[in-house]
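Chains as they are written, first to last, in numbering that gives the first Met the number 0: chain A, 0 to 267; chain B, 0 to 267; chain C, 0 to 267.
For each residue, glycine too, the CB sits at the ideal point set by N, CA and C.
Notes to accompany the following structure.
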Amino acid sequence: MTNYGRPAGEILARIRAHRPVVHSITNYVVMNSTANVLLAMGASPIMAHAREEMEDIAAISNALVINIGTLSEQWIESMRVACGLAIVRGKPIVLDPVGSGATRLRTETACELLKTSRPSLVRGNPSEILSLSPEGGSTRGVDAIHTVDQAVYAARQIARTFATVVAVTGERDVVTDGNRSLIISGGNRLMGCVTGTGCAASVICAAFLAEEKDAVTAAAAGLAFYKLVAERAAAEATAPGTFWVKALDALYTITPHDLETQARIAEE
Amino acid sequence: MTNYGRPAGEILARIRAHRPVVHSITNYVVMNSTANVLLAMGASPIMAHAREEMEDIAAISNALVINIGTLSEQWIESMRVACGLAIVRGKPIVLDPVGSGATRLRTETACELLKTSRPSLVRGNPSEILSLSPEGGSTRGVDAIHTVDQAVYAARQIARTFATVVAVTGERDVVTDGNRSLIISGGNRLMGCVTGTGCAASVICAAFLAEEKDAVTAAAAGLAFYKLVAERAAAEATAPGTFWVKALDALYTITPHDLETQARIAEE
Amino acid sequence: MTNYGRPAGEILARIRAHRPVVHSITNYVVMNSTANVLLAMGASPIMAHAREEMEDIAAISNALVINIGTLSEQWIESMRVACGLAIVRGKPIVLDPVGSGATRLRTETACELLKTSRPSLVRGNPSEILSLSPEGGSTRGVDAIHTVDQAVYAARQIARTFATVVAVTGERDVVTDGNRSLIISGGNRLMGCVTGTGCAASVICAAFLAEEKDAVTAAAAGLAFYKLVAERAAAEATAPGTFWVKALDALYTITPHDLETQARIAEE
Chain A
0 MTNYGRPAGE ILARIRAHRP VVHSITNYVV MNSTANVLLA MGASPIMAHA REEMEDIAAI
60 SNALVINIGT LSEQWIESMR VACGLAIVRG KPIVLDPVGS GATRLRTETA CELLKTSRPS
120 LVRGNPSEIL SLSPEGGSTR GVDAIHTVDQ AVYAARQIAR TFATVVAVTG ERDVVTDGNR
180 SLIISGGNRL MGCVTGTGCA ASVICAAFLA EEKDAVTAAA AGLAFYKLVA ERAAAEATAP
240 GTFWVKALDA LYTITPHDLE TQARIAEE
Chain B
0 MTNYGRPAGE ILARIRAHRP VVHSITNYVV MNSTANVLLA MGASPIMAHA REEMEDIAAI
60 SNALVINIGT LSEQWIESMR VACGLAIVRG KPIVLDPVGS GATRLRTETA CELLKTSRPS
120 LVRGNPSEIL SLSPEGGSTR GVDAIHTVDQ AVYAARQIAR TFATVVAVTG ERDVVTDGNR
180 SLIISGGNRL MGCVTGTGCA ASVICAAFLA EEKDAVTAAA AGLAFYKLVA ERAAAEATAP
240 GTFWVKALDA LYTITPHDLE TQARIAEE
Chain C
0 MTNYGRPAGE ILARIRAHRP VVHSITNYVV MNSTANVLLA MGASPIMAHA REEMEDIAAI
60 SNALVINIGT LSEQWIESMR VACGLAIVRG KPIVLDPVGS GATRLRTETA CELLKTSRPS
120 LVRGNPSEIL SLSPEGGSTR GVDAIHTVDQ AVYAARQIAR TFATVVAVTG ERDVVTDGNR
180 SLIISGGNRL MGCVTGTGCA ASVICAAFLA EEKDAVTAAA AGLAFYKLVA ERAAAEATAP
240 GTFWVKALDA LYTITPHDLE TQARIAEE
């Protein structure tokens with residue numbers, strides 16, 4: 000049986016050494032918190048949305064995160080341009096379809112970007128992933144109304160159809176390329192009481208992808224790191240205010256060795 | 000004499016059970032902090048401003064908050080659309096006239112929305128409420144230059160004129176429908192040293208309104224809950240950074256029973 | 000030898016007494032955190048970007064901060080208008096050229112505003128300051144790739160060319176008007192692990208400028224205050240989450256006397 004902890008720890012060590020630049024076009028709600036997540040873990044965030052600077056930003060970025068949490072037409076256009084540039088440069092793209100399934104604008108934008116931007120990774124909660132299923136249909140809804148298990152079939156389909164990797168995150172996380180699937184355990188349910196914690200998972204995965212080409216390995220490593228962060232934080236907190244402060248601390252203090260020895264990644 | 004603690008505790012219990020969805024069109028400064036307030040207290044935040052998705056968002060929301068803290072023309076148009084949809088669906092609207100009185104754009108926008116959107120509740124600081132008075136005139140200014148007492152007469156007038164409920168918040172809070180008025184005591188002055196604490200009061204009231212039709216009762220209950228949050232936080236903090244972290248904790252840990260027994264709501 | 004601690008403490012005392020209003024047109028990432036910095040230290044933040052309200056905001060502001068961290072064309076236009084109004088009213092302007100050097104849009108916007116807005120102070124990290132050098136050239140890059148020492152020559156040139164004061168901040172800070180230069184020591188490297196800490200330095204300087212016309216004295220005092228904040232926070236924290244909470248606390252608890260006796264400002 001493969002030891003998935005070892006590569007996870009090694010990728011984290013490379014992030015700390017190289018400080019990869021992660022460009023996010025993301026929603027207003029989480030810009031501050033996801034920038035802090037990236038800085039605390041040792042990566043370097045850039046937030047930029049003006050179409051005029053997408054080319055220059057692409058030239059200095061090591062990964063791109065597209066998060067559709069607070070959309071508007073101008074921003075969608077910049078997302079398209081940024082994805083095109085990342086494809087040309089071979090930089091990994093993480094698509095976070097926030098609220099896909101809740102409104103047509105979001106579902107259509109997420110589906111369009113899924114088709115055209117060739118993301119290395121799509122990370123969402125179960126409802127968001129279900130809304131992207133090629134079978135479509137009645138599975139649309141808002142956050143937290145489906146379980147991870149309910150979305151695993153859709154995740155595999157999406158991964159195969161679009162030649163991507165899909166991560167469904169929740170009480171446990173599943174990462175799949177349609178054939179191979181990994182399960183990441185751990186975490187803490189206080190994550191659900193803080194805004195932007197899903198978005199944070201996406202930027203963490205982007206930093207891991209910047210340092211590891213194999214998207215299944217990278218995403219599983221990033222999510223295992225984040226589960227460990229949640230556990231560390233929960234050991235010092237019983238409510239969401241303190242929990243998030245301690246989570247930011249843990250992003251900084253968890254070592255590659257900690258991750259190597261404590262990551263809980265298993266084959267399905 | 001009515002015991003206002005009992006219904007307050009009951010409404011909080013319903014929020015925790017139902018997790019009402021609160022849609023905010025709000026300012027950039029407080030999007031993250033008010034989303035965290037709603038999550039910590041047990042409600043479910045949605046932030047969205049694109050006109051194209053207002054209809055879908057309205058369909059899944061239980062209350063709407065309109066906060067004019069960082070205005071621009073496009074956002075005002077989305078506010079109008081969202082209010083129209085909430086009216087049709089009979090969903091409560093909370094209007095937070097941030098900075099009304101400080102600039103004409105804000106005063107005019109707040110007055111227009113007050114007239115056309117039929118809010119269930121208008122919540123503001125004394126200067127903001129004074130700026131909305133039908134008598135208008137020279138009472139305009141920025142934050143904290145008037146006392147709650149100075150604004151109570153205007154609050155009653157506004158409530159009667161526009162058939163709404165007005166909450167003036169500050170060193171103590173007054174909630175009035177123009178005839179009946181309740182006074183909420185408690186809190187802590189460190190609230191004034193953290194940004195978005197007024198905006199947080201508005202989203203808390205929106206969650207309470209989602210679970211209680213009587214707007215005077217709902218707003219008084221929400222504000223009493225928030226005063227208690229401030230007191231709990233201040234018991235563990237002497238400065239604003241720690242204070243806000245502990246406030247987020249208190250939003251999560253205060254029980255319906257705590258609120259029932261400790262709410263300080265009195266008739267005027 | 001001049002004692003720079005005394006005026007620093009006196010300016011802080013005036014800020015606490017007068018609560019100067021600092022208007023920021025700033026990036027989405029730091030709106031919340033810089034508003035909290037200003038409130039915690041005793042100043043009064045206003046965030047507004049709509050062109051229609053620039054005139055009214057200018058009338059009630061004591062200083063203006065222009066921060067180009069998340070640009071778009073509309074916002075640049077509002078920046079121009081706000082600068083014009085501040086010039087007419089004689090209010091100090093602080094220009095924070097976030098990411099200048101990283102993209103042409105940012106470098107050109109920063110250079111244009113430097114030429115036309117006559118800022119009292121330009122504050123940036125070494126790479127940002129180098130990108131504004133009249134000699135231009137190959138010194139362009141992203142955050143943290145140059146040292147403060149490498150940027151001091153450019154800072155002096157910029158100050159002389161544009162009759163402004165330049166602050167280069169980093170492991171130590173240098174404030175110069177092209178002739179006279181002050182060096183501010185202290186601080187803590189955890190500042191580099193939290194987003195918006197450079198932007199926070201700029202709004203702190205703006206509050207100090209609102210109360211002290213001499214821009215070298217004001218900027219040095221503000222930066223010395225901020226170095227002390229970092230030291231206080233680091234005394235209670237070993238990781239960035241807790242560090243920033245404690246920094247907000249320190250902004251509130253450090254007294255004018257503390258600053259007078261502990262500021263570390265020296266002539267070059």
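Length of the line joining the Cα atoms of residue i and residue j
{"i": "residue 191(A)", "j": "residue 189(C)", "result": "27 Å"}
{"i": "residue 65(B)", "j": "residue 172(A)", "result": "36 Å"}
{"i": "residue 196(C)", "j": "residue 160(B)", "result": "47 Å"}
{"i": "residue 89(A)", "j": "residue 30(B)", "result": "34 Å"}
{"i": "residue 117(B)", "j": "residue 39(B)", "result": "29 Å"}
{"i": "residue 149(C)", "j": "residue 120(C)", "result": "19 Å"}
{"i": "residue 323(A)", "j": "residue 23(A)", "result": "The structure shown does not extend to residue 323(A), since chain A is modelled only from 0 to 267, so the question has no answer here."}
{"i": "residue 102(A)", "j": "residue 158(B)", "result": "35 Å"}
{"i": "residue 5(B)", "j": "residue 128(B)", "result": "29 Å"}
{"i": "residue 125(C)", "j": "residue 105(C)", "result": "15 Å"}
{"i": "residue 112(C)", "j": "residue 201(A)", "result": "35 Å"}
{"i": "residue 267(B)", "j": "residue 174(B)", "result": "10 Å"}
{"i": "residue 97(C)", "j": "residue 67(C)", "result": "5 Å"}
{"i": "residue 140(B)", "j": "residue 53(C)", "result": "Because residue 140(B) sits at a pLDDT of 42, beneath the cut-off of 50, its placement in the model cannot be relied upon, and the following sentence gives the value as read from the coordinates. In a straight line, the C-alpha of residue 140(B) is about 16 Å away from that of residue 53(C)."}
{"i": "residue 163(B)", "j": "residue 179(B)", "result": "12 Å"}
{"i": "residue 220(A)", "j": "residue 107(A)", "result": "30 Å"}
{"i": "residue 249(B)", "j": "residue 240(C)", "result": "19 Å"}
{"i": "residue 76(B)", "j": "residue 94(B)", "result": "15 Å"}
{"i": "residue 183(C)", "j": "residue 47(A)", "result": "31 Å"}
{"i": "residue 230(A)", "j": "residue 215(C)", "result": "47 Å"}
{"i": "residue 109(B)", "j": "residue 194(B)", "result": "20 Å"}
{"i": "residue 166(A)", "j": "residue 37(B)", "result": "27 Å"}
{"i": "residue 73(A)", "j": "residue 51(A)", "result": "12 Å"}
{"i": "residue 259(A)", "j": "residue 198(A)", "result": "24 Å"}
{"i": "residue 43(C)", "j": "residue 131(A)", "result": "45 Å"}
{"i": "residue 13(B)", "j": "residue 25(A)", "result": "33 Å"}
{"i": "residue 168(A)", "j": "residue 154(A)", "result": "11 Å"}
{"i": "residue 78(B)", "j": "residue 9(C)", "result": "45 Å"}
{"i": "residue 136(C)", "j": "residue 49(A)", "result": "In this prediction, residue 136(C) scores a pLDDT of 47, lower than 50, which makes its location untrustworthy; the coordinate-derived value is nonetheless stated afterwards. Straight-line Cα distance between these residues: approximately 24 Å."}
{"i": "residue 151(A)", "j": "residue 245(A)", "result": "31 Å"}
{"i": "residue 69(B)", "j": "residue 262(A)", "result": "43 Å"}
{"i": "residue 92(B)", "j": "residue 82(B)", "result": "7 Å"}
According to DSSP, residues forming a beta bridge with residue i
{"i": "residue 180(C)", "result": "175(C)"}
{"i": "residue 22(A)", "result": "45(A) and 63(A)"}
{"i": "residue 266(B)", "result": "181(B)"}
Does the region 45-64 of chain C come close enough to the region 15-28 of chain C that 3 or more CB-CB pairs lie under 8 Å?
yes
Is it the case that the region 230-241 of chain A contacts the region 221-228 of chain C, given that we only count it when at least three CB pairs across the two stretches are under 8 Å?
The region 221-228 of chain C is not in contact with the region 230-241 of chain A.
With 8 Å as the C-beta to C-beta threshold (strictly closer), list the residues of the region 69-83 of chain A near chain B in chain order.
69, 70, 71 and 72
If contact means a Cβ-Cβ distance below 7 Å, which residues of the region 50-67 of chain B contact chain A?
51, 52, 55, 56 and 59
Counting only runs that start and end within the region 117-175 of chain B, where is the alpha helix (DSSP H) found for 4 or more residues in a row?
125-130 and 147-161
Start-end ranges of the beta strand (DSSP E) lying completely within the region 26-110 of chain B, minimum 3 residues:
43-46, 62-66 and 92-95
When the Cβ atoms of the region 32-46 of chain C are set against those of the region 84-103 of chain C, are three or more pairs found closer than 8 Å?
no
Between the region 225-245 of chain C and chain A, which residues of the former have CB atoms less than 9 Å from a CB of the latter, in chain order?
236, 237, 238, 239, 240, 241, 242, 243 and 244
Along the region 27-43 of chain A, where does the CB come closer than 9 Å to a CB of chain B? Name the residues.
27, 28, 29, 30, 31 and 32
Closer than 8 Å, Cβ to Cβ, to anything on chain A: give me those residues from the region 184-201 of chain C, in chain order.
Contact residues of the region 184-201 of chain C toward chain A are 191, 192, 193, 194 and 195 (C-beta to C-beta distance below 8 Å).
Any C-beta of chain A within less than 7 Å: which residues of the region 170-183 of chain C qualify?
Under the 7 Å Cβ criterion, the region 170-183 of chain C contributes no residue.
Any C-beta of chain A within less than 9 Å: which residues of the region 82-104 of chain C qualify?
98, 101, 102, 103 and 104
Taking any Cβ of chain C, which residues in the region 248-266 of chain A have a Cβ under 9 Å from it, in chain order?
Correct list: 248, 249, 250, 251 and 252.
Below 9 Å between beta carbons is the criterion; list the residues of the region 206-224 of chain C that meet it against any residue of chain B, in chain order.
none
Could you pull out every unbroken alpha helix (DSSP H) segment of at least 4 residues lying fully inside the region 224-261 of chain A, listed in chain order?
Under the rule that a run must span 4 or more residues, the alpha helix (DSSP H) segments found entirely inside the region 224-261 of chain A read 239-252 and 255-261.
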